[in-house]
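Residue 1 is where the sequence shown starts when you use the UniProt record's numbering, and the numbers rise one by one after that.
Since the structure comes first, as structure tokens, the remarks are kept for the end.
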Amino acid sequence: MNSTLVTFPSGLTSGRSTIVEAVPAGERHGLVVSETPFHPLDHTWPDQPADRGTIGGLPVVDCVTGARSGTGEIFLGPDIPARRGAEGWDWLVVHMTGTPLPVGAEVDLEVDAGYRAGLCAGHTGCHLAALALNAALADRWRKEARPDSLGRPDFDQAAITSSRINPYGSVDVYRLGKSLRKKGFSAEDLDPGKLARQVNDQLAAWVAADAPVRVEAPDRGLTARRTWHCTLPEGEASIPCGGTHVGRTGELAGIVAELSLDDATLTMRTGRAG
Ligand SMILES: [Zn+2]
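Right, here's the structure in full:
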């Protein structure tokens, strides 16, 4: 047996493959194929929701990550006792259905392309907003911090506690606590309104640049260490990423970020204006 091969990193939303495993999952049936266009929820960093669509004509009611141990035991989603991509495991895309399909059957896989398009826009916007936030906060670092791919102190990586992608939007939560202060970041007199204006000016410039976006993958396995790339006027931006993206930043026309500060928690929401 092997890990599931995935075609979503290159933007595919349909395919045809063979069912290689049926995993019991309570009332549901977890179907595994050898190759799929479906993006499952990641169990380690669950930022982008699972794709919707059909397998063999049946609705995919959920799509989760599965992991098969060396002894053949399969764990699903939060029950997986290993980190994403850990050695010694097979990593599976598990399509959940209400009705079983036989192992060995050849099936069509169709992802809901409209829903996927929204998640692609939300995910690319999330990465661009994070880079714009890093730039807007760059002068608040009193010590040398690990830089992002554009050379700014990487506030996003240093402070993020959760990231959630939704259709055409995202919600990132950052912790401005003692550990960040020890790393040299000052949150003194942080004005979320002013910060949002800086982030939005940068986002508008990057949308206007219509920069190309791509996902690089070392291999086709589900947990391959893929990287998001965007060729911005400032340079080549890159962020490790397991999700899906638009082809150009121009597709994000109208994206707006909102920032709010509550105690030591900074929240950045992105979405379409109006
Ligand atoms: Zn990502």
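Ideal Cβ placement from N, Cα and C applies to all residues, glycine included.
- Between ligand 1 and TRP206, a heavy atom-to-CB distance of less than 7 Å is absent.
- Only residues of its own chain outside the window of five on either side were considered, and among them LEU128, ALA129, ALA132, ILE255, ALA257 have a CB closer than 7 Å to the CB of LEU203, listed in chain order.
- Classified as buried, ALA121 has 16 or more neighbouring CB atoms from the shown chains inside 10 Å of its CB.
- With 16 or more other Cβ atoms inside 10 Å of its own Cβ, ALA67 counts as buried.
- The way I'd put it, the stretch 81-91 doesn't touch the stretch 8-17; fewer than three beta-carbon pairs between them come closer than 8 Å.
- In the structure shown, ASP108 adopts extended strand secondary structure according to DSSP, grouped into three states.
- Listed in chain order, the non-local C-beta contacts of THR223 below 6 Å within the same chain comprise ARG84, GLY85, TRP91, local neighbours out to five positions each way being set aside.
- Each of ALA22, HIS29, VAL33 was checked against the Cα of THR4, and the nearest Cα belongs to VAL33.
- When the alpha-carbon of SER260 is set against those of GLU110, PRO218, ASP172, ALA117, the nearest one is in ASP172.
- Going by DSSP, PHE75 is part of the beta strand (DSSP E) stretching over 74-76.
- ALA158 and THR99 have their C-alpha atoms roughly 44 Å apart.
- Proximity of the stretch 102-109 to the stretch 180-191 falls short of the contact definition, fewer than three beta-carbon pairs being nearer than 8 Å.
- For GLY247, the shortest separation between its Cβ and any heavy atom of ligand 1 does not lie below 7 Å.
- Inclusion of ILE239 in the 7 Å shell around ligand 1 follows from its C-beta lying nearer than that to a non-hydrogen atom of the ligand.
- Looking at the DSSP output, SER260 shares a beta bridge with THR267.
- DSSP, reduced to helix, strand and coil, places ALA145 outside both helices and strands of the structure shown, so it counts as coil.
- Here ASN166 carries a strand assignment [DSSP, helix/strand/coil].
- THR71 is the residue among GLY242, THR71, LEU101 whose C-alpha sits nearest the C-alpha of GLY88.
- Taken in chain order, the whole beta strand (DSSP E) runs of length 3 or more contained in the stretch 216-258 are 227-232, 235-240.
- Membership of PRO24 in the beta strand (DSSP E) is indicated by the continuous run 14-25.
- By DSSP's assignment, TRP206 forms no beta bridge with any residue.
- DSSP lists LEU31, CYS63 as the beta-bridge partner residues of HIS95.
- With a cut-off of 7 Å, the C-beta of TRP228 is classified as near ligand 1, since at least one heavy atom of the ligand falls inside that distance.
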